[in-house]
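At position 344 of the sequence shown the residue is numbered 359 (our numbering), and the sequence of numbers has no breaks. Every residue, glycine too, gets a C-beta built ideally from N, C-alpha and C.
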Amino acid sequence: MYDYLIVGAGIYGAVFAREAVKAGKSCLIIDKRNHIGGNIYTEKTEGINVHKYGAHIFHTNDRDVWKYVTDYAEFNRYTNSPVANYKGELYNLPFNMNTFNKMWGVVTPDEARAKIEEQKKTALADLAGVTSDDDDKTAAEKIAAFEPSNLEEQAISLIGTDIYEKLIKGYTGKQWGRACTDLPSFIIKRLPVRFTFDNNYFNALYQGIPVGGYTKLVENIIGDIPVMLGVNYLNERESLKKTLKLNKLSSLPGGDVPPTDHFAGLGIAEKVVFTGPVDEYFDYALGPLGYRSVRFETQVLDTDNYQGNAVVNYTDSETPFTRIIEHKHFEFGKDENGNDIPKTVISREYSAEWIPSSEPYYPVNDAENNALYLKYKEMADREPDVIFGGRLGEYRYYDMDQVIAASLKKAAEELNI
Ligand SMILES: Cc1cc2nc3c(=O)[nH]c(=O)nc-3n(C[C@H](O)[C@H](O)[C@H](O)COP(=O)(O)OP(=O)(O)OC[C@H]3O[C@@H](n4cnc5c(N)ncnc54)[C@H](O)[C@@H]3O)c2cc1C
């Protein structure tokens, strides 16, 4: 009998299992996929580590988490500096002096600030319905009373029309599958701008990509803990229920099926750590939670450098995909021995509606889904032998470092360490 059955060989499951084994417990990890790593899995193609489920850049301000991951893998010095392509015009992201210089020809931070203020002022006056007949006081009152009613108005009031039109409108619309005028304003609370020539996307103390890919990182964390791949926990639970029900039917009048938690450990473990979708665990008893999905089209190209950068966002609305990832640039176009790689691999990313049979990527944490999640959480709290963790188990948009921190915290509570 194992102490823990870990459902999901993603980063949450791997870290929990490692901590449990360090504390003297035994674990079995299972995953329904045929590989470990969950969504951070990287697969070697043409000598390139391809981020199979979307580009992953590790970044954190948490020293403990950085120490933890660097104990298991060496990280390179990759810094995420995405480029936006708007109908062939290229802009640096996040919005910074390089972006403003390209957009308006401004050279100094003061000029850039003045230009943004001017854009905001014109846009706000327009949105607030200020007319040429209004005196300054009336205009100021109208502007002060203005409340953005959708994402478009919110973005324009924060940054003005030029940046919104070229860098936000099309991209955000594609990401959500809806026009910005049909999206709620709260999605964009702030639009950070930098008045420096700094293209580093993340404001994080530590950043990089594990040398040799993320699969190697997870492999090193898992070490010699047993893993079974291609095993769907929920199918196993279902089969077990059926078998037990049959046995019971033959011996018990009525043949009631015991509550779910009686089956949790599948008869092979005392407790379960479940990192799959919490709604799926309960057979969608309260209805499905909302997710956004992503579709990837991956191609090997016979060129050594397709776009000169790992991440290029396509910010117009006509281009159907949101980004092109050129995986080799995460590792500077070199293989593990420092040799140049003659070919390249690119992935076009399409944002997609989620349907129950497709891969749930991003939880949609709006008020309705969060309320539904709380009901599932109540059910989860009543499963005494099951710990629900990770991005899908807790229905939270977690970055990798947050998942690791959450797993370490849960393990410490559970194992009294
Ligand atoms: C497109 C995209 C880009 C991202 N980019 C970044 C980034 O740049 N930086 C960053 O820090 N984070 C990024 N993230 C977030 C990151 O992917 C997650 O934080 C992390 O992968 C979550 O780990 P997890 O272990 O909780 O879940 P997962 O990685 O989803 O692992 C869960 C595992 O459980 C398995 N499973 C589920 N149900 C069952 C079942 N019934 N039986 C058996 N196994 C099951 C699944 O197959 C899966 O392997 C990104 C996410 C997406 C979607």
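Proximity below 8 Å, CB of residue i to CB of residue j
{"i": "HIS342", "j": "ILE72", "result": "no"}
{"i": "ALA138", "j": "GLY175", "result": "yes"}
{"i": "ILE340", "j": "ALA70", "result": "yes"}
{"i": "TYR68", "j": "ASN49", "result": "no"}
{"i": "VAL379", "j": "GLY280", "result": "no"}
{"i": "VAL246", "j": "ILE51", "result": "no"}
{"i": "VAL293", "j": "TYR391", "result": "yes"}
{"i": "SER366", "j": "ARG307", "result": "yes"}
{"i": "LYS82", "j": "LEU430", "result": "no"}
{"i": "PHE90", "j": "ILE203", "result": "no"}
{"i": "PRO97", "j": "PHE210", "result": "no"}
{"i": "VAL418", "j": "TYR27", "result": "yes"}
{"i": "ASP18", "j": "ALA35", "result": "yes"}
Buried or exposed by the 16-neighbour rule on C-beta atoms within 10 Å, applied to residue i
{"i": "LEU244", "result": "exposed"}
{"i": "PRO273", "result": "Confidence in PRO273 is poor, its pLDDT being 45 and thus under 50, which makes the residue's placement unreliable; the coordinate value appears in the next sentence. PRO273 comes out exposed."}
{"i": "PRO268", "result": "No answer about PRO268 holds up, because its pLDDT of 44 lies below 50 and its placement is not dependable."}
{"i": "GLU167", "result": "buried"}
{"i": "LYS181", "result": "buried"}
{"i": "ILE171", "result": "buried"}
{"i": "GLN314", "result": "exposed"}
{"i": "TYR412", "result": "exposed"}
{"i": "SER422", "result": "buried"}
{"i": "VAL122", "result": "exposed"}
{"i": "PHE347", "result": "exposed"}
{"i": "TYR299", "result": "exposed"}
{"i": "THR146", "result": "exposed"}
{"i": "VAL360", "result": "buried"}
{"i": "ALA187", "result": "This sequence places Thr at residue 187; Ala is not what is there. Flag for THR187 reads buried."}
{"i": "LYS425", "result": "buried"}
Residue interval of the beta strand (DSSP E) (run including residue i)
{"i": "TYR376", "result": "Element bounds for TYR376: n/a, residue is neither H nor E."}
{"i": "ASP18", "result": "17-22"}
{"i": "SER422", "result": "It is not in any beta strand (DSSP E) - SER422 instead sits in the alpha helix (DSSP H) that spans 415-430."}
{"i": "THR57", "result": "57-60"}
Check: residue i C-beta below 7 Å from any heavy atom of ligand 3
{"i": "TYR27", "result": "Absence of ligand 3 is noted for the structure shown, with ligand 1 being the only ligands found."}
Nearest candidate by alpha-carbon position, reference residue i, set the options
{"i": "VAL65", "options": "TYR179, GLU126, LYS231 and LEU105", "result": "LYS231"}
{"i": "ILE356", "options": "SER422, THR60 and LYS37", "result": "THR60"}
{"i": "PRO399", "options": "VAL287, LYS152 and PRO97", "result": "VAL287"}
{"i": "LYS358", "options": "VAL327, TYR321 and PRO97", "result": "TYR321"}
{"i": "VAL84", "options": "SER200, VAL30, LEU255 and LEU173", "result": "VAL30"}
{"i": "VAL327", "options": "PRO207, ASN95, LYS135 and GLY404", "result": "ASN95"}
{"i": "LYS13", "options": "VAL401, THR337 and ALA420", "result": "Nothing about residue 13 can be reported from this structure: the residues present for the chain run from 16 to 432 only."}
{"i": "ASN214", "options": "ASN111, GLU351 and HIS344", "result": "ASN111"}
{"i": "HIS344", "options": "ASP46, TYR229, THR290 and GLY323", "result": "GLY323"}
{"i": "PHE201", "options": "ASN165, PRO207, GLU429 and TYR388", "result": "ASN165"}
{"i": "PHE311", "options": "GLU374, THR196 and GLY192", "result": "GLU374"}
{"i": "GLU383", "options": "TYR410, ASP149, TYR229 and LYS204", "result": "TYR410"}
{"i": "ALA386", "options": "ILE432, ARG406, GLU333 and LEU301", "result": "LEU301"}
{"i": "PHE278", "options": "GLU253, ARG205 and ASP319", "result": "GLU253"}
{"i": "MET415", "options": "TYR296, LYS135 and THR75", "result": "THR75"}
{"i": "ARG92", "options": "TYR329, PRO303, GLN222 and THR330", "result": "GLN222"}
Extent of the continuous alpha helix (DSSP H) run through residue i
{"i": "MET112", "result": "112-119"}
{"i": "VAL30", "result": "26-37"}
{"i": "ILE44", "result": "Where ILE44 is concerned, there is no enclosing alpha helix (DSSP H), although the beta strand (DSSP E) it sits in stretches over 42-46."}
{"i": "ARG128", "result": "124-142"}
{"i": "ASN384", "result": "382-396"}
{"i": "GLU189", "result": "First, the amino acid is wrong: residue 189 is Lys here, not Glu. Where LYS189 is concerned, the enclosing alpha helix (DSSP H) stretches over 184-191."}
{"i": "ILE402", "result": "Run containing ILE402: none in the alpha helix (DSSP H); it sits in the beta strand (DSSP E), 401-403."}
{"i": "VAL293", "result": "293-296"}
{"i": "GLN169", "result": "166-174"}
{"i": "VAL233", "result": "229-237"}
**Request:** Tell me the start and end of each unbroken alpha helix (DSSP H) in the segment 196-225 that is at least 4 residues and wholly inside, in chain order.
**Result:** none
**Asked** Unbroken beta strand (DSSP E) runs of length 3 or more, entirely within the segment 342-374: which are they?
**Response** 359-368
**Request:** Can you check the segment 275-336 for any beta strand (DSSP E) of at least 3 residues that lies completely inside it and give the ranges in chain order?
**Result:** 284-289, 306-316 and 326-329
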